[in-house]
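Scroll down for the structure; my scribbles are underneath it.
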Amino acid sequence: MALLFVDGFDHFDPQALKPDGVPNYGYAKAQYAPQCERVPGRRSASSALRFPANTQGVAMVREIGYGVSRIILGCAFRLDLLPPDRFPLLFVRTAGNQRYEVSVNAIGLLGIGQGGFPTGQSLRAISAQTWNHLELKVVEGNGTGLLELRVNSQTWLTISGQNIATGGNLVAGGVCWADQPYPVELLFDDFYLADGSGTRNNDYLGDVRIDALHPTGAGSFSQWTPSGAGHNWEMVDEPLPDHSDYVTAANTGDRDSYAFEPLPAMNTPTVLGVQVTALAKKTDAGAGTLKALTQSGATVATGAAQALTTDPTYLTTVFEQTAAGVDWTETELNAAEFGVEKG
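According to my numbering, the sequence shown is numbered sequentially starting from 4.
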């Protein structure tokens, strides 16, 4: 598995409330600060994550876990103004809490280094009020570690020969802001995270777009129970979750799958992967798990079982190939079904 996680910020509202009246902050799909907002994104009908000026705290952290020796992350970002002093934009950290980050200074030069002290700085500058695409690569190594920065698919800075603790210590961090008030508004869109392993999606993905697709019809499996009148897929087709309708399952192995809307019109798109995102919780005592599934033709593939809690939580699974084991195409994606299986 190389592609670990994607987020286009189109399918949830960090400011929305859970059924118990508590803010969801993204339902722990990643950790979002309470100040984050869902705003129009860089494409028509898309959304971005906004962190307002003069607020503080970590805005988004996605931690995949230890055992990773190479991290690649990318996203589009837009600064309303350049900051008066150097501030971090993105980071990856180690198990020992060493932090390798990208920062920007008052004239738009980008730096990469450890813990707020740039080891190197770009010769080119970014501008405010402009969308840019940024990618960061961090590779472990005792004297052979690597930090590399790309902007708009061009390499701006490479720092080799670094001492970055080995042994699979990297934690996929994500997007962050300083613990002190961030002085300018910042928008993020189309975020991806990869670990550089495997035979596909194992290096920079470039300036990608992430589209949220929603159920439009029944699939091959309808073994879960709808909460009200209507078909199963109609219980889970909302662009934003509202908790007023849902599906439930009582038996291990029960499956629900759905047909989805097609990709937006594009000229010969390359589909790098599909992430199935399910907002789910358990309602009984004891352990509960959920698996994402995809079906192509008569072939079904499931992801790893993921633990459920009594709190609604987004569970994500990336499928880099179809259930039949072939690379995704627009045609394959539009014909596929996606859903869930009770563990």
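The beta carbon of each residue, even a glycine, is placed where N, CA and C say it ideally should be. Given the structure is predicted, the values throughout are model-derived calculations rather than measurements.
| field | Local Cβ density within 10 Å of I110, reported as buried at 16 or more and exposed below that | value | Counting other Cβ atoms within 10 Å of its Cβ, I110 stays below 16 and is therefore classed as exposed.
| query | If we ignore side chains and look at the alpha-carbon of each, how far apart do V309 and E40 end up? | reply | For the sequence presented, residue 309 should be read as Gln rather than Val. CA-CA distance, Q309 to E40, rounds to 28 Å.
| said: Please classify V277 as buried or exposed, where buried requires at least 16 other C-beta atoms within 10 Å of its C-beta. | reply: Per the 10 Å Cβ criterion, buried.
| message | Taking its Cβ as the centre, do 16 or more other Cβ atoms sit within 10 Å of S50, making it buried, or is it exposed? | response | S50 counts as buried, since at least 16 other C-beta atoms from the protein chains shown sit within 10 angstroms of its C-beta.
| query | CA-CA distance, L93 and E104? | reply | In this structure, the alpha-carbon of L93 lies about 5 Å from that of E104.
| message | Mapping the DSSP letters down to three states, classify A281 as helix, strand or coil. | response | For A281, the secondary structure class from DSSP, reduced to helix, strand or coil, is strand.
| request: Kindly indicate the opening and closing residues of the beta strand (DSSP E) around L113. | output: That run of the beta strand (DSSP E) goes 112-117.
| For L293, which of helix, strand or coil comes out of DSSP? | For L293, the secondary structure class from DSSP, reduced to helix, strand or coil, is strand.
| Does the ligand PLP have even one heavy atom less than 7 Å from the beta-carbon of R73? | Absence of the ligand PLP is noted for the structure shown, with no ligands found whatsoever.
| Secondary structure of N384, DSSP reduced to three states | As displayed, the chain neither begins before 4 nor continues past 346, which places residue 384 out of reach and without an answer.
| said: Using beta carbons (cut-off 8 Å, strictly below), is A253 in contact with chain B? | reply: In the displayed structure, chain B is absent; only one protein chain is listed.
| field | 8 Å CB neighbourhood of E188 in its chain, flanking five on each side removed | value | R53, F54, P55, A56, L82, D83, L84.
| query | Which first and last residues belong to the alpha helix (DSSP H) in which A338 is found? | reply | Looking at the DSSP string, the run of the alpha helix (DSSP H) that includes A338 is 333-338.
| Residue span of the beta strand (DSSP E) that contains R89, given as start and end | Under the DSSP assignment, R89 falls outside any beta strand (DSSP E); it carries neither an H nor an E label.
| field | Buried versus exposed call for D206 [16 or more other C-beta atoms within 10 Å across all chains shown] | value | Burial check for D206: the Cβ neighbour count within 10 Å stays below 16, so the residue is exposed.
| Option in R153, F90, V274 with minimal Cα separation from T334 | Closest by alpha carbon: V274.
| For T169 and N337, the rounded distance between their alpha carbons | Spanning the two alpha carbons is a distance of roughly 41 Å.
| field | Cβ separation of G123 and I129, assumed to be a contact under 8 Å, to the nearest whole Å | value | The beta-carbon distance between G123 and I129, rounded to whole angstroms, is 16 Å. This is too long to meet the 8 Å contact definition.
| message | Within a Cβ cutoff of 8 Å, which residues of the same chain sit near A339, ignoring the five residues on either side of it in sequence? | response | Hits under 8 Å: F263, V277, T297, Q298, S299, T325, A326.
| request: Tell me, please, which residues DSSP counts as bridged to C78. | output: Beta-bridge annotation (DSSP): C78 is paired with L137.
| said: When you compare the CB positions of V321 and F8, do they come within less than 8 Å of one another, or not? | reply: A contact, by the Cβ cut-off of 8 Å.
| request: Tell me whether T202 is buried or exposed, calling it buried when 16 or more other Cβ atoms sit within 10 Å of its Cβ. | output: T202 counts as exposed, since fewer than 16 other C-beta atoms from the protein chains shown sit within 10 angstroms of its C-beta.
| query | Alpha carbon to alpha carbon, how far is K345 from R258? | reply | The C-alpha of R258 is placed about 7 Å away from the C-alpha of K345.
| request: Look at the alpha carbon of D10 and the alpha carbon of T319, and state the distance between them as a whole number of angstroms. | output: T319 has its alpha-carbon roughly 10 Å from the corresponding atom of D10.
| Within 8 Å, strictly: CB atoms of L282 and P244 | In this structure, P244 lies closer than 8 Å to L282 by Cβ.
| query | Of all the options F194, S200, P315, which has the alpha carbon lying nearest to the alpha carbon of G291? | reply | Checked all of F194, S200, P315; the closest Cα to G291 is P315.
| task | Can you tell me which of Q101, I74, L216, G171 puts its alpha carbon nearest to the alpha carbon of Q347? | result | Summary: the structure shown does not reach residue 347, with the chain confined to residues 4 through 346, and so no result is reported for it.
| message | So, for R127: in the same chain, excluding its five sequence neighbours on each side, which residues have a beta-carbon less than 7 Å away from its beta-carbon? | response | Excluding sequence positions up to five before and after R127, its CB lies within less than 7 Å of the CB of W159, all in the same chain and listed in chain order.
| Under the rule that 16 or more other beta-carbon atoms within 10 Å means buried, what is M269, buried or exposed? | M269 is exposed by the Cβ-count criterion.
| query | Would DSSP call W159 helix, strand or coil? | reply | Reduced to three states, the DSSP call for W159 is strand.
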